[in-house]
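Input: a single structure, listed below in structure tokens.
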Amino acid sequence: MMAADAGATVLKDKEEPPKMPEKKKTKFDVLIIGAGPAGYTAGIYCSRAGYDTLIISGILPGGQLINTTEVENYPGFESGIMGPDLMIEMKKQTRRMGTSIIDDEVVAVDFRQKPLKVLTSSEEYEAKAVIIATGANPRKLGLQGEQNFAGKGVSYCATCDGPFFKNQEIIVVGGGDSAIEEATFLTKFASTVHIVHRRDKLRASMIMQQRAMDNEKIRFHWDSEISDIVGDQKVQQTIIKNVKTGQEKILKSGAVFVAIGHEPNTKLFQNQIDLDDEGYIILKNKTQTNKSGVFAAGDVHDRTYRQAVTAAGYGCMAAIDVDKYLTEEA
Ligand code: NAP
């Protein structure tokens with residue numbers, strides 16, 4: 000007992016003094032919410048401009064491209080790149096520039112006064128400027144088959160995935176401008192495009208409707224919805240049901256493009272910044288929201304282009320605007 004105690008004392012004398020747990024850094028020049036192409040690009044530009052920058056990644060680090068297979072339309076990759084690989088490269092590049100990145104979820108923000116506050120479940124962060132890059136999610140049909148075959152025949156982006164289905168029959172679900180635009184675009188590749196719409200009237204603008212009606216490759220399935228998407232490794236056939244008669248038919252197609260709208264990830268910002276009636280952030284000047292010091296980039300405000308490369312472009316613009324704002328504020 001004695002010897003053990005003495006030994007313990009000797010050991011203690013040689014030990015380093017106990018280290019206090021390092022206090023987590025919570026104050027930054029710029030805080031970016033969201034880690035898709037817009038968020039990472041904003042991080043790269045802010046860090047290179049010398050700002051102490053933090054990205055809080057949110058629930059889907061990497062954004063929508065994490066659920067994508069091959070990306071052929073992001074410049075710089077001759078043979079294309081897998082979506083998740085592209086996002087890993089962006090993350091590594093952003094880190095190398097000096098941006099701190101944490102995989103945590105923002106639960107609340109307070110933009111009423113400076114410094115701007117961003118809260119996760121465990122920390123309260125402060126920043127001089129905030130860039131919102133939380134993106135948007137395509138609205139889902141809610142079918143099990145849709146979930147099972149996402150990226151394996153089920154897609155939410157015709158521009159991204161259309162070229163994979165050359166000379167095949169393609170299904171597009173929806174009756175708005177997106178669905179009609181995507182269906183028309185897809186006729187460049189498809190042998191036939193089947194538009195499946197739940198009503199007997201399209202919501203799309205007249206000019207888009209007319210263009211689709213005049214296109215010989217497009218067939219309409221009115222008053223119809225998808226009741227199942229089935230296959231083995233990828234989509235093989237889709238069952239569509241007439242909602243008026245209950246009659247079902249099978250379309251043998253390996254591609255289902257769901258184009259029933261998007262939902263911007265802006266619930267957090269309700270009552271803090273101006274949103275339009277569909278929840279998209281309203282910008283008053285390029286990337287500036289109605290709150291001083293709060294900027295937005297990417298699909299969270301852009302309902303038109305919705306591409307990785309345009310989101311990255313908006314991230315760059317937001318960072319340059321933040322630089323201008325912080326230089327003028329200081
Ligand atoms: P949208 O206008 O909201 O249309 C969504 C379509 O999907 C509607 O036809 C809707 O049917 C259908 N739908 C919604 N939920 C569904 C469900 N659970 N199952 C089956 N069908 C469902 O969305 P959007 O087409 O993405 O357009 C969004 C906005 O962007 C619009 O303001 C649009 O004008 C604009 N936009 C413009 C262009 C352009 O001008 N080039 C291109 C794309 C988008 P119902 O009709 O029965 O409601």
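At position 301 of the sequence shown the residue is numbered 300 (numbering that gives the first Met the number 0), and the sequence of numbers has no breaks.
Even for Gly, the Cβ is constructed at its ideal location relative to N, Cα and C.
Per DSSP, the unbroken beta strand (DSSP E) holding LYS116 starts and ends at 115 to 119.
Taking 7 Å as the cut-off, the Cβ atoms of ASP222 and LYS248 do not count as close.
With fewer than 16 other Cβ atoms from the protein chains shown falling within 10 Å of its own Cβ, SER291 counts as exposed. Per the C-alpha coordinates, the member of PHE219, ASP160 and PHE110 positioned closest to PHE294 is PHE110.
Under the three-state reduction of DSSP, THR133 is assigned to coil, being neither helix nor strand.
When secondary structure is reduced to three states using DSSP, GLU215 falls in the coil class, being assigned neither helix nor strand.
In this model, THR25 and GLU125 are separated by some 6 Å (Cα to Cα).
As a beta-bridge residue in DSSP terms, SER223 pairs with ASN241. A residue is called buried when at least 16 other Cβ atoms come within 10 angstroms of its Cβ; ALA157 meets this threshold and is buried. When secondary structure is reduced to three states using DSSP, GLY230 falls in the strand class.
Taking non-hydrogen atoms of ligand 1 into account, the C-beta of ARG305 is found less than 6 Å away from none of them. For ILE55, the enclosing beta strand (DSSP E) begins and ends at 52 to 55.
If you compare the alpha carbons of GLY61, LYS113, GLY79 and THR119 with that of LYS91, the shortest gap goes to GLY61. For GLY35, the closest C-alpha among the options TYR279, ILE43 and MET86 is that of MET86. Here the segment 188 to 205 does not lie against the segment 110 to 119, with fewer than 3 beta-carbon pairs under 8 Å apart.
These are the residues, in chain order, with a beta carbon less than 5 Å from any non-hydrogen atom of ligand 1: GLY173, GLY174, GLY175, ASP176, SER177, GLU180, ARG197, ARG198, ARG202, ILE259, GLY260 and ARG302. Distance check between SER177 and each of GLU122, ALA189, TYR155 and GLN232 places TYR155 closest, using alpha-carbon atoms only.
When the alpha-carbon of GLN143 is set against those of SER226, VAL29 and GLY82, the nearest one is in SER226. Listed as beta-bridge partners of PHE256 by DSSP are SER154 and VAL171. Partner residues in the beta bridge of ALA295, as assigned by DSSP, are ILE131. Under a 10 Å Cβ-count criterion, GLU215 is classified as exposed, with fewer than 16 other Cβ atoms of the shown protein chains found around its own Cβ. Runs of the alpha helix (DSSP H) lying entirely within the segment 63 to 120, each at least 4 residues long, are 82 to 95 in chain order. Under DSSP, THR191 takes part in a beta bridge, and its partners are GLU168. Taking a C-beta distance under 7 Å as the contact criterion, MET207 and ILE179 qualify as a contact pair.
With a threshold of 16 other beta carbon atoms within 10 Å, SER121 falls short and is exposed. Taking the Cα positions, GLY297 is about 14 Å away from ASP320. Around the beta carbon of ALA132, 16 or more other beta carbons sit within 10 angstroms, so the residue counts as buried. One Cα belongs to ILE80, the other to GLU69, and the distance between them is close to 6 Å. With at least 16 other beta carbons inside 10 angstroms of its own, GLU181 counts as buried. DSSP places LYS290 in no beta strand (DSSP E); its state is neither H nor E. Nearest C-alpha to SER99 among GLY49, ILE228, ASP322 and GLN112: GLY49. Per DSSP, the beta bridge partners of LEU274 are ILE280. Under the three-state reduction of DSSP output, GLU123 falls in the strand class.
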